[in-house]
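Asker:
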Amino acid sequence: MGKPAKSYVSTTNACKLCKPLGACLAFKGIEGAVPYLHGSQGCATYMRRYIISHFREPMDIASSSLGEKHAIYGGGPNLKLGLKNVITKYDCRLVGIATTCLTETIGDDTPMYLNEFRREFKDLLDSHDSPELVSVSTPSYSGTHMEGFHEALRAVVDQISRSGPRHSRITIMPGFVSPADTRYLKEIIGDFGMSATIFPDISTSLDGVAAVVYEKLASGGVPLSEIREMGASPASLEFGRTLDKAHTAAGLLENDYHIPCYSLGTPVGLRETDRFFETLSSLSHSPIPEKHEMERGRLIDAYVDAHKYSFGVRAVVYGEEDLVVGLTSFLAEIGVKVVLCASGGESGRLKEAVGSVTTDLLSEPPIVVEGVDFHEIAEIAERLHPDILIGNSKGYHLARRWGVPFVRVGFPIHDRFGGQRILHLGYRGAQSLLDGIVNAVIETRQEASDIGYTYY
Amino acid sequence: MSATVFDERRNQIHRKGDTPFDLACDKDSLAGAVSQRACVFCGSRVVLYPIADALHLVHGPIGCAAYTWDIRGALSSGPELHRLSFSTDLRERDIIFGGEDKLYRALIELIDRHAPQAAFVYSTCIVGIIGDDLEGVSRRVEKEKGIPVIPVQSEGFKGNKRAGYHAACRAMFRLTGSGGTSAISAKSINILGDFNLAGELWIIRRYYERMGIEVVANVTGDGRVADLQRAHGAALNVVQCSGSTMDLAKMMQAEYGTPFLRVSYFGVEDMAESLYTVARFFEDLDPEIVSRTRELVKEELESLYPELEKYRSALAGKKAAIYVGGAFKAFSLIKAFRLVGMDVVLVGSQTGTKEDYQELYEITDRGTVIVDDTNPLELSSFLQDRHVDVFVGGVKERPIAYKLGVGFCDHNHERKTVLAGFQGMLNFAKEVHSSVMSPVWRFVPRHTTNSTPGSEEPASVPERLTAAGGA
Ligand code: SF4
Ligand code: SF4
Numbered sequence: 022m023g024k025p026a027k028s029y030v031s032t033t034n035a036c037k038l039c040k041p042l043g044a045c046l047a048f049k050g051i052e053g054a055v056p057y058l059h060g061s062q063g064c065a066t067y068m069r070r071y072i073i074s075h076f077r078e079p080m081d082i083a084s085s086s087l088g089e090k091h092a093i094y095g096g097g098p099n100l101k102l103g104l105k106n107v108i109t110k111y112d113c114r115l116v117g118i119a120t121t122c123l124t125e126t127i128g129d130d131t132p133m134y135l136n137e138f139r140r141e142f143k144d145l146l147d148s149h150d151s152p153e154l155v156s157v158s159t160p161s162y163s164g165t166h167m168e169g170f171h172e173a174l175r176a177v178v179d180q181i182s183r184s185g186p187r188h189s190r191i192t193i194m195p196g197f198v199s200p201a202d203t204r205y206l207k208e209i210i211g212d213f214g215m216s217a218t219i220f221p222d223i224s225t226s227l228d229g230v231a232a233v234v235y236e237k238l239a240s241g242g243v244p245l246s247e248i249r250e251m252g253a254s255p256a257s258l259e260f261g262r263t264l265d266k267a268h269t270a271a272g273l274l275e276n277d278y279h280i281p282c283y284s285l286g287t288p289v290g291l292r293e294t295d296r297f298f299e300t301l302s303s304l305s306h307s308p309i310p311e312k313h314e315m316e317r318g319r320l321i322d323a324y325v326d327a328h329k330y331s332f333g334v335r336a337v338v339y340g341e342e343d344l345v346v347g348l349t350s351f352l353a354e355i356g357v358k359v360v361l362c363a364s365g366g367e368s369g370r371l372k373e374a375v376g377s378v379t380t381d382l383l384s385e386p387p388i389v390v391e392g393v394d395f396h397e398i399a400e401i402a403e404r405l406h407p408d409i410l411i412g413n414s415k416g417y418h419l420a421r422r423w424g425v426p427f428v429r430v431g432f433p434i435h436d437r438f439g440g441q442r443i444l445h446l447g448y449r450g451a452q453s454l455l456d457g458i459v460n461a462v463i464e465t466r467q468e469a470s471d472i473g474y475t476y477y
Numbered sequence: 003m004s005a006t007v008f009d010e011r012r013n014q015i016h017r018k019g020d021t022p023f024d025l026a027c028d029k030d031s032l033a034g035a036v037s038q039r040a041c042v043f044c045g046s047r048v049v050l051y052p053i054a055d056a057l058h059l060v061h062g063p064i065g066c067a068a069y070t071w072d073i074r075g076a077l078s079s080g081p082e083l084h085r086l087s088f089s090t091d092l093r094e095r096d097i098i099f100g101g102e103d104k105l106y107r108a109l110i111e112l113i114d115r116h117a118p119q120a121a122f123v124y125s126t127c128i129v130g131i132i133g134d135d136l137e138g139v140s141r142r143v144e145k146e147k148g149i150p151v152i153p154v155q156s157e158g159f160k161g162n163k164r165a166g167y168h169a170a171c172r173a174m175f176r177l178t179g180s181g182g183t184s185a186i187s188a189k190s191i192n193i194l195g196d197f198n199l200a201g202e203l204w205i206i207r208r209y210y211e212r213m214g215i216e217v218v219a220n221v222t223g224d225g226r227v228a229d230l231q232r233a234h235g236a237a238l239n240v241v242q243c244s245g246s247t248m249d250l251a252k253m254m255q256a257e258y259g260t261p262f263l264r265v266s267y268f269g270v271e272d273m274a275e276s277l278y279t280v281a282r283f284f285e286d287l288d289p290e291i292v293s294r295t296r297e298l299v300k301e302e303l304e305s306l307y308p309e310l311e312k313y314r315s316a317l318a319g320k321k322a323a324i325y326v327g328g329a330f331k332a333f334s335l336i337k338a339f340r341l342v343g344m345d346v347v348l349v350g351s352q353t354g355t356k357e358d359y360q361e362l363y364e365i366t367d368r369g370t371v372i373v374d375d376t377n378p379l380e381l382s383s384f385l386q387d388r389h390v391d392v393f394v395g396g397v398k399e400r401p402i403a404y405k406l407g408v409g410f411c412d413h414n415h416e417r418k419t420v421l422a423g424f425q426g427m428l429n430f431a432k433e434v435h436s437s438v439m440s441p442v443w444r445f446v447p448r449h450t451t452n453s454t455p456g457s458e459e460p461a462s463v464p465e466r467l468t469a470a471g472g473a
């Protein structure tokens, strides 16, 4: 039952985005970084528009703006010209260069061009405080935006981090989570009395404050000094049960610098969050701070208050694989019957990961499908008579067609306000997801009723 | 502002009154400059997008299709095939072995599933590189399925958005000439260059119908394949919007002798003038038409002006900036702002031509900055330097304005409000008003002290705010 009844050649309404978009988002979580696409102009502009519509924040992505002759003779000269311009105008600390389908297909050797650039433009680099140039290969024909995201982080660590005397700052790679999630993680770390680098950190760079003067480069993001020192961190925590350490930053730190890597599930819901807090507790040798124990207690209390509303509600969950795993774990805890877990990603691990967080809770495992688009999701889901749809904005048309409530989570949120502030992680995130889901269920019942009860 | 302008771009920016006007344009975007432009494919895609009963298949990797899914607010009165995003989603093996087979099978599959009236096949950058024979595959499918299958040569890197418009026009041109035209009236037009955002085309179409004119094809808002196929039967092409569909009008003129007129439906003046221009064209056939049109315009204005006056009194003297895709829209916007008493201090476009900019130069006031293919750094410095109250642009420009505490009006293809026609002018004023007059600007730590929109008193920024903002 792993695949739809029939597999299609074409893709209709993709449930994934392209690889460089993920890389740009990852770079955006580094202080003073400018994401840069080595490709033609269109890709950068499209991704900017897509990202801006979610975060409602400026999102500059530079581009080599390759034209026809570059596509034939190679994009090196334009890459260098573009880098020169970016460095001159943005005064950045890092340029994160992601390749695109075009430059991968014409066989541009980006790392080689960068080495040439470092030689040819030494004076320019010196006079601008030697910004780092990091490159990552992100042809979209292999992998989705999530692979691009993780590959970019790995490339940064690979090209910048160094070993050194051990310090006490742990590294947390939470995956692609919201600015609100990132802020909350920082709060938790602080409450444990620990220090941590949350990598990447888009909490301010993609959810900034009203400005007096326009910041060419949004403030916020992980300082380069912390990235350099990641090679001497006491531990790294990486969220995501479908990740393969061979392709992640934490995996690289473990392999090259022998930094112990704690691979955790994305902490959505009670039990995955418990695992996260227990890990922090053991790393910090301190108990879970009372504030968070209280939040946990309130969450369980709310689970109880909510249990009859949520029990047996048939849910379809889709989106990035690790988010799907986390959400499904949470939904299973509150008695929601997840009937379908779907993703455009193709890690090959989704089914196992969903199983590992739900087997003891669900009497019947959900159907789990990878590499599907919304056409296929609809086709499978319609046989399963869902009561609720949970995922990013792009599934709205299905909820509308089926007349079921729709709870928006993840990225992108293009048809609602405040996508950057949605909290998914931890006890607090579970609380807010719970409120949202229960209210969606109640609202549907209330609207469907002829009577219009005012107590539910 | 000089620190923010790239040397290579100096001649693409002009401040009226400084020096003789000679703006460079139509250049490739400068590498690394974060152009607000899109690509050839984007140009084709936006023009053809509203043809609602055609299949639009993007041949390429997933991104190009994913980012253009349901991207325009173009409404259809019937089928909505255009709102789906179809892609061949090319993978590594297709890149190595070629994507033709996948394209063929995808087309067959989707045509069987959706029974479209025609199919457009868009090529993207890598298709241009791997060299798939789109013509060949299209011909084969066309023969097998009996519907027109038309390749759109829109490899992203082969120029800018305007090249994409051209490719779209060539594709549409291939449809014309095949449908029956015997029932078409002598007083008939095609509406070119309106995309029926928020239902605008329907409003315009109703004006023409009230004038007694038959509309044959909408190009492309609420567009249909069969209408395009009969489009050569219309007596006149009425073309709005500088770049996008002008090429089609020219091709039709060359092939079928169909004359064309340029119009604009934005702003009261241009809207009325457009209807009069078309009326005059048909005056020989229908001597009454001009007076009927005058009647129509009068009726519309009588209800519009009193309403508009409310906004005008509040907005007079405020400053506006305009940055839009095509320059032609900018002309109308300048006039529209004048009508509500506002000054335009910055105007620019992504893809204006030499003639466009000359015309802009002529209709703007001294001191106005005119700019081609700008970028966020420049825009932000213009907005700050010129103390702009409201900025008209698209989604990518919005956060720049908002960050700086500047009002914003979305005039791009994603908007959901009618801005064309007489009613549109009122909506436009309403929208500008709702942004400019909002009380929120009072709380924004904007460093310009001499124009704080929305506050009556000569604004001064409280020290506390300036300090907190770290000015
Ligand atoms: S070419 Fe590749 S990188 Fe560019 S938008 Fe398309 S899928 Fe994304
Ligand atoms: S790959 Fe080419 S066609 Fe596709 S979005 Fe990028 S520039 Fe445009």
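Protein chains in written order, with the numbering used here: chain A, 22 to 477; chain B, 3 to 473.
Even glycine gets a Cβ: it sits at the ideal position worked out from N, Cα and C.
Can the beta-carbon of K110(A) be found closer than 9 Å to that of A35(B)?
Answerer: yes
Asker: With a Cβ-Cβ cutoff of 9 Å, do L455(A) and L320(A) count as a contact?
Answerer: Yes, these two residues count as a Cβ contact at 9 Å.
Asker: Just checking, does the stretch 75–84 of chain B make contact with the stretch 134–141 of chain B on the three C-beta pairs under 8 Å criterion?
Answerer: The stretch 75–84 of chain B and the stretch 134–141 of chain B do not touch, with fewer than 3 CB-CB distances between them shorter than 8 Å.
Asker: Would you mind working out which of C41(B), T355(B), G65(B) and E399(B) sits nearest T32(A), comparing C-alpha positions?
Answerer: G65(B)
Asker: Would you say Q386(B) lies against chain A (beta-carbon separation less than 9 Å)?
Answerer: Taking Cβ atoms only, chain A reaches closer than 9 Å to Q386(B), which makes this a yes.
Asker: Going by beta carbon distance, what residues of the same chain come within less than 6 Å of V408(B), once the five residues before and after it are set aside?
Answerer: Same-chain partners within the cutoff: L385, V390 and F393.
Asker: Does G158(B) get closer than 9 Å to chain A when you measure Cβ to Cβ?
Answerer: yes
Asker: Got a sec: does ligand 1 put a non-hydrogen atom nearer than 8 Å to the Cβ of C13(A)?
Answerer: Within the shown structure, residues of chain A are numbered from 22 to 477, placing residue 13(A) beyond reach of any answer.
Asker: Nearest chain A C-beta to N162(B) closer than 9 Å, yes or no?
Answerer: Yes, because at least one Cβ of chain A sits closer than 9 Å to the Cβ of N162(B).
Asker: In the DSSP output, what is D374(B) paired with across the bridge?
Answerer: S351(B)
Asker: Report yes if the C-beta distance between Y210(B) and V280(B) is below 9 Å; otherwise report no.
Answerer: Their beta carbons are under 9 Å apart, which means Y210(B) touches V280(B) by this criterion.
Asker: Which one or two residues does DSSP pair with Y325(B) in a beta bridge?
Answerer: G350(B)
Asker: Within 10 angstroms of its Cβ, does E311(B) collect 16 or more other Cβ (buried), or is it exposed?
Answerer: Residue environment analysis places E311(B) among the exposed positions, since fewer than 16 neighbouring C-beta atoms fall within 10 angstroms of its C-beta.
Asker: Does DSSP put D224(B) in a helix, a strand or coil?
Answerer: coil
Asker: List in chain order the residues whose CB is within less than 5 Å of at least one heavy atom of ligand 1.
Answerer: C39(A), P41(A), C64(A), T121(A), C122(A), S161(A), P63(B), G65(B) and C66(B)
Asker: For the alpha helix (DSSP H) containing M253(B), name the first residue and the last one.
Answerer: M248 to Y258
Asker: Ignoring anything shorter than 4 residues, give me the alpha helix (DSSP H) runs that lie fully in the stretch 91–169 of chain A, in order along the chain.
Answerer: 97–111, 122–126, 131–141 and 143–148
Asker: Taking the Cβ atom as the reference point for each residue, do A374(A) and I355(A) lie within a distance shorter than 9 Å?
Answerer: no
Asker: Could you tell me whether the Cβ of I53(B) comes closer than 9 Å to any Cβ of chain A?
Answerer: no
Asker: Compute the beta-carbon to beta-carbon distance between T60(A) and L87(A), rounded to the nearest angstrom, for a pair I have assumed lies under 8 Å.
Answerer: The amino acid occupying residue 60(A) in the given sequence is Gly; Thr does not appear at that position. Rounded, the Cβ-Cβ distance is 6 Å, consistent with contact.
Asker: Note down, in chain order, all residues in the stretch 24–37 of chain B with a beta-carbon under 8 Å from any beta-carbon belonging to chain A.
Answerer: Against chain A - using a Cβ distance shorter than 8 Å - the residues of the stretch 24–37 of chain B are D30, S31, L32, A33, G34, A35, V36 and S37.
Asker: Is C44(B) helix, strand or coil when you go by DSSP?
Answerer: helix
Asker: Are the stretch 327–346 of chain A and the stretch 246–256 of chain A in contact at 8 Å, needing three or more beta carbon pairs?
Answerer: no
Asker: Under 8 Å between beta-carbons, which chain B residues line up against I82(A)? List them in chain order, please.
Answerer: V36
Asker: List, from N- to C-terminal side, the beta strand (DSSP E) runs of 3 residues or more that fit wholly inside the stretch 244–272 of chain A.
Answerer: 257–260
Asker: Under three-state DSSP, which class holds Q155(B)?
Answerer: coil
Asker: Would F48(A) be called buried (16 or more neighbouring beta carbons within 10 Å of its own) or exposed?
Answerer: buried
Asker: With a cut-off of 9 Å, does the C-beta of G63(A) fall near any C-beta of chain B?
Answerer: Taking CB atoms only, G63(A) has a neighbour in chain B less than 9 Å away.
Asker: Listed from N- to C-terminal order along the chain, which residues in the stretch 366–393 of chain B have their beta-carbon within a distance smaller than 7 Å of any beta-carbon of chain A?
Answerer: Here the close residues are P378, L379, S382 and Q386.
Asker: Grab me the residues of I152(B)'s own chain with a C-beta within less than 6 Å of its C-beta, minus the 5 sequence neighbours each way, in chain order.
Answerer: Counting only Cβ-Cβ distances below 6 Å, and skipping sequence neighbours, we find F122, A173 and R176.
Asker: Closest to P195(A) by C-alpha separation, out of I388(A), L352(A), I108(A) and L258(A), would be which residue?
Answerer: L258(A)
Asker: Mind listing the chain B neighbours of K329(A)? Cutoff is C-beta to C-beta under 8 Å, in chain order.
Answerer: The contacting residues do not exist; K329(A) stays about 37 Å from chain B at best.
Asker: Give me the chain B residues within the contact set of K105(A), using Cβ-Cβ distance strictly less than 9 Å, ordered along the chain.
Answerer: A33 and G34
Asker: Considering only C-alpha positions, which residue in the set K143(A), V233(A) and L405(A) is nearest to S383(B)?
Answerer: V233(A)
Asker: Assign S188(B) to one of two classes, buried (16 or more other C-beta atoms within 10 Å of its C-beta) or exposed (fewer than that).
Answerer: Sequence check: residue 188(B) is Ala here, not Ser. Of the other Cβ atoms in all chains shown, fewer than 16 fall within 10 Å of the Cβ of A188(B); this residue is therefore exposed.
Asker: Could you pull the start and end residues of the beta strand (DSSP E) that S224(A) belongs to?
Answerer: S224(A) -> no beta strand (DSSP E), and no H or E assigned at all.
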